[in-house]
Structure formats: structure tokens, C-alpha cells
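So the protein sequences, as listed, match chains A and B.
Counting from 1077, one number per residue, gives the positions in the first sequence under our numbering.
Counting from 309, one number per residue, gives the positions in the second sequence under our numbering.
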Amino acid sequence: MAVIVHSKGFNKVRRDGKNLRAVSGMILQDGDELKTSGKGQLGIKTADGEGSLFLFSKTKVKLNLSPIGDGWEKNVELLAGSIHVKNTHQTGSLSLSFGLTNIFFTDADLLFKKDKGSNARLTVFSGEAIMYDREGGVNKITPLKTSYILSKGEFISRWMNDSDLTEEERARIEPLSQLPQNRITIPLTDEQGRVLNVEFNW
Amino acid sequence: MKQILVIFLLLASHLTLFGIVFEHQPPEYYDARDGVELALVLLDEVESVISVELCYGRLGSPAYTTKKMDNVLEQRGYHLVRLNSAELQNVDIQYWFRLELLGGGTVLFPDTGMDQEPLILRVVDAPRSDEPQQPEDADDEFGSGLNLVLDDFKEDNPGLKGFVLLSTNDYGPQEGEYVLAVSYHGIANLIAPGSIKVYVNDRDVTAKAIITENLLTYRDPWPMNELVKAKITAKDRYDRSLYSETFLTNVEHRAKKNIATPEGKSEFCRRFPRFGSGLEQLFRLGGHPGQLQKAEPDPARSPP
Chain A
1077 MAVIVHSKGF NKVRRDGKNL RAVSGMILQD GDELKTSGKG QLGIKTADGE GSLFLFSKTK
1137 VKLNLSPIGD GWEKNVELLA GSIHVKNTHQ TGSLSLSFGL TNIFFTDADL LFKKDKGSNA
1197 RLTVFSGEAI MYDREGGVNK ITPLKTSYIL SKGEFISRWM NDSDLTEEER ARIEPLSQLP
1257 QNRITIPLTD EQGRVLNVEF NW
Chain B
309 MKQILVIFLL LASHLTLFGI VFEHQPPEYY DARDGVELAL VLLDEVESVI SVELCYGRLG
369 SPAYTTKKMD NVLEQRGYHL VRLNSAELQN VDIQYWFRLE LLGGGTVLFP DTGMDQEPLI
429 LRVVDAPRSD EPQQPEDADD EFGSGLNLVL DDFKEDNPGL KGFVLLSTND YGPQEGEYVL
489 AVSYHGIANL IAPGSIKVYV NDRDVTAKAI ITENLLTYRD PWPMNELVKA KITAKDRYDR
549 SLYSETFLTN VEHRAKKNIA TPEGKSEFCR RFPRFGSGLE QLFRLGGHPG QLQKAEPDPA
609 RSPP
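Spelled out as C-alpha cells, the structure:
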């Protein structure tokens, strides 16, 4: 079970074959499909308070939420667009699905988006995520890495960079790109002979 | 009538066993947070008892533990033992006393060897008298800011951590409408069904809230205040009060977007240029809406 805590634009929830307007405060159920409009955004939190999900514009996901023991088994299936996902607890797990690939993590902050064609891209900002493909292959994505999930079940990883984020995503996430990639500190002296360290960033 | 009943009960608690007269008043329950003290007072033949032990164990279990009782008033035979929460383990217990006599004999009370039932001490099933009760009408409580602060620092209330605000401002301030979403997934099994109440800005809005087994939501499309405070109260299965901290949420009013900027222009003017020029003049004059008609007409817009 989850709840919409932020809604911007005209967004929809498809439940039991019916389209409902997604509004803040709406309680979501297992099997709900959420779709954001061209300028829409949705913020969702799970009932255990551990997971948060942010849907950017033109995104479609399906929620699979079922209680298991003391916690919840939370799965988000990405059908289109991009989502920013956080899970803040060490014990509760959250999984993402894309096609036949499943991604598991417990305490992580990541961006998951569908690229053109049938590819997807996963960027991990903190924590780590573990991807399983249908062949049983395992790929661990460490922080600040972006992994491409190709349609054939292959993975390609590299260091993340600013090109991984759209303007809309950057406005919300603001990852380590806040830190300058290049930095140099040069000691200079002023007219009175005092040494001043000047830092140049670009 | 009540005095007679009290006298009768006191007489009943004075027991005579092998010439030893002692008194024990069994407590009805214990609170796991506080532990419990059990006392046995020898009223006669004090010198014939060497020591007293408490035998206790989980209710219904043959296993038991012993703990020596302190003779705090030797001349009067006042024996006392304290069981802490770790020893009690938050379960119903059964107990009896074992008295070591001077001649080497042993006396049990109640005598479990004679098929007497041990005494039973149950974990708390009634509110403590010194525990402050949550008022039924939380309006009074909201009226006192001091009470709110004090309440928030009560550590023995599982509701303080158990009620988790989901509708935080981490997606930015709420715009126009107020949405409250609170999870109580971790304490859902403690909460008595139907006992949850939702208070928003001192008002009971429980009837308008959607309350499920592990979270609740409330939505006000036209909140009156920019700073909205909310509080959740509930009862646990022992009728004790659970209550959340006070959740404060910033709500940005829709009308706020139309406030003039320091440059003298407003979002309203930009979106509705037909009315904008008059408003801009008003803002340049520094007047109020009543002065709008007194502003100089715009020659460019005046009819021919």
C-alpha cells in the first residue's frame, strides 16, 4: 500500500480497468498503474515509510505491493519514462522491474529510466543495486555508476555524468554534479603580501 | 459498606501457616516498563524464618526461577523483592514464596506441593494512575503550546515514533491544498480498531479522513492557514493513549502567486495583460484596491 503525496499536472491511475485522476492523498493499491502527463509529476511514498518514488513527466509504472512478514514486498515495474527511487531502510527491500530484468536494493537512491527502443538505464547515486537478468546473471551497480540494460539482457556500466539527467530530472535530483568536476586551488598574494588561496572550478 | 469490605479483605490477606503469620497483598498487574515489587510481611514468629525466596516463572510453565528477598526491616520481618522488566519479560507470571525455617524445614506459600494454585501476576491491563491521560477532546490540548511541547518529549509513547508523516515537504511546499498522509505501519498491531482520531488545526477531522489498517490520509483543498498543524491520537488495546508528534506543514496558497513582485509587476498581470496595466499603475502608486479607479487612465487603451 502506498499514497500519493505530491501531484502536479493531470495524472492518472488505472485500477481495475478504470482510469482515475491521481490526486495528492490518494491511497494506492497493489496492481495500480500510474501515468503522468506531459507536464505531470507524481510523488509516492510506501505505507512502511521506507520507500519513496518520484515519477517524472510522461512516465508509466505499475505498482506491486504485497505484505510479507512484518514488512512489504515492493516492486515497481517501469513501463515508460523515468523514476527517481529512494529506499531509506536497511531491512525493507524494494525492487524495480524492466522487462525481464529485476533490480533489488535496500538502502539506495537511484534513477531508473527507459531509453529509446527496449533499453533502460539505471543510475545509482548512493547505496548499491543488484540486477538479475533472466539467465541468472548478476550485476552490482555501485554509487555514481550508470548501467545500461540492453534488450538482450546485457549490461554496460560507466561512471555517471550530467548527460544522464534531463533538465527536469536535474531540477529534482541535483546529484553530485553540484560538485565541480574540475577544481584547482592556486595560492596568490595580494598587494599587502598576504597569501590567498583562490579556487577555480569549471 | 466499603469500610466493611476493606476490613474483610485485610483479614483475608492475613494467613496463618504452621504458626507463622504473614501478610502478602498480591498486585493485580505490573507494568513492564516499571517492573514490580513484591512484599511479604511476617506478622508473628519472625525469628523462626531464616530467609524468604520468591519463586516465579511464566504462567503455565513448570520452569521457574528463584530470587532471594531482602529483609529490609529485620525486627519486623518485612521482606521485599523487586523484579525488573528483563526478569519479567513482559509476560504473565505465576509466583509463590519459599520460607526457610530455623529448624531446616521449608514452607511454601501458596503450597504448590499441596495442589494449591500459585499466585498470578499479569502484565499491565489497566492504565497507571500516574500516567497522564490524553484528553478526549484534544481541542483543549491544542490550546496549550506548552502541553504540546511536553507531550512531544514523552519517550514512553510509541506513537511518537510510530506515526510517521509521509506528506513531508521534500517535494517542495504543498501548493494550494493541504494533504496529510501518515503511516503507522510499525504500530498498527498495537492500535485498537476504530480508535484513531485526526486533528488538523485544532479540529477533529476524523470523519473526513481515509483511515486504513496502516496509513491514513486527509485532504483539505482550501486550507485557511499557511502553516497547518496536525496530530494523530489513538488507543492501544489496553486503552492507553498513543499520540503522534505535532506535524507542521507549509502550504503555499494559490493566491500567493498573484502577489506583486518587487519590480511592481505581478504574475496576474503577466497572465492577464488586459487587466495588467491598471494593476501595474496601482502598484506604482503604492495604493490599495480602492484606489484603482483613481489611477490615471492609460491613453494607449482609452477608447477613441
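For glycine and all other residues, C-beta sits at the position ideal for the given N, C-alpha and C.
- Within the segment 1106 to 1122 of chain A, the residues whose Cβ lies closer than 7 Å to any Cβ of chain B are, in chain order, G1119 and K1121.
- A direct Cα-to-Cα measurement between B/S369 and B/E395 gives close to 15 Å.
- CA-to-CA, the gap between B/Q424 and B/D378 works out to about 25 Å.
- Here B/L410 is not near B/S359, since their CB atoms are 8 Å or more apart.
- For B/E361, the uninterrupted beta strand (DSSP E) run begins and ends at V357 to R366, by DSSP.
- In this structure, B/P501 keeps its C-beta atom at 8 Å or more from the C-beta atom of B/L429.
- Taken atom to atom, the span from the alpha-carbon of A/K1134 to that of A/G1157 is near 6 Å.
- Taking 8 Å as the CB threshold, A/I1103 lines the interface with chain B.
- When beta bridges are read from the DSSP output, A/M1207 appears opposite A/I1179 and A/N1215.
- Ranked by how close their Cα comes to the Cα of B/L391, the residues B/T374, B/L416 and B/E483 have B/T374 in first place.
- Annotation for A/A1184: N1163, V1200, S1202, G1203, E1204 and A1205 place their beta carbon closer than 7 Å to its own, counting only its chain and skipping 5 residues before and after.
- Looking from the CA of A/S1239, the closest CA among A/S1227, A/R1197 and A/M1207 belongs to A/R1197.
- It is roughly 11 Å from the alpha-carbon of A/L1139 to the alpha-carbon of A/K1111.
- At a cut-off of 8 Å between C-beta atoms, B/H493 counts as an interface residue with respect to chain A.
- Under the three-state reduction of DSSP output, B/I504 falls in the coil class, being neither helix nor strand.
- In terms of Cβ geometry, B/K537 and B/N558 do not form a close pair [threshold 8 Å].
- Taking the Cα positions, A/L1129 is about 57 Å away from B/A347.
- By DSSP's assignment, B/T414 forms a beta bridge with B/E408.
- Just measuring C-alpha positions, the residue of B/D339, B/L388 and B/P481 sitting nearest B/F330 is B/L388.
- For B/Y526, at least one C-beta of chain A is nearer than 8 Å to its own C-beta.
- When CB distances to chain B are screened at a threshold of 8 Å, not a single residue of the segment 1219 to 1243 of chain A falls below it.
- In the three-state DSSP reduction, A/R1197 falls in the strand class (E or B).
- The straight-line gap separating the alpha-carbon atoms of B/I519 and A/S1083 is approximately 20 Å.
- Residues of the segment 509 to 525 of chain B with a Cβ closer than 7 Å to any Cβ of chain A, in chain order: I518, T520, N522, L523 and T525.
- Between B/P531 and B/Y486, the gap from beta carbon to beta carbon is short of 8 Å.
- Non-local beta-carbon contacts of B/L488 in its own chain, meaning distances under 6 Å to residues more than five positions away in sequence, involve S475, Y526 and A538 in chain order.
- Listed along chain A, the residues sitting closer than 9 Å to B/A489 by beta-carbon distance are V1079, I1080, V1081, S1100, G1101, I1103 and K1121.
- C-alpha of B/R406 to C-alpha of B/C363: approximately 7 Å in a straight line.
- Counted as a single uninterrupted DSSP element, the beta strand (DSSP E) harbouring B/I328 occupies residues I328 to E331.
- Chain-order list of chain A residues neighbouring B/L474: V1079, V1081, K1121 and G1125, by C-beta distance under 7 Å.
- The residue from A/E1267, A/N1195, A/S1142 and A/K1121 with its alpha-carbon nearest to that of A/A1078 is A/K1121.
- With a beta-carbon spacing of about 5 Å, B/L550 and B/A542 fall inside the 8 Å limit used to define contacts.
- Separation of A/V1214 and A/G1175 (C-alpha to C-alpha, rounded to the nearest whole angstrom) is 16 Å.
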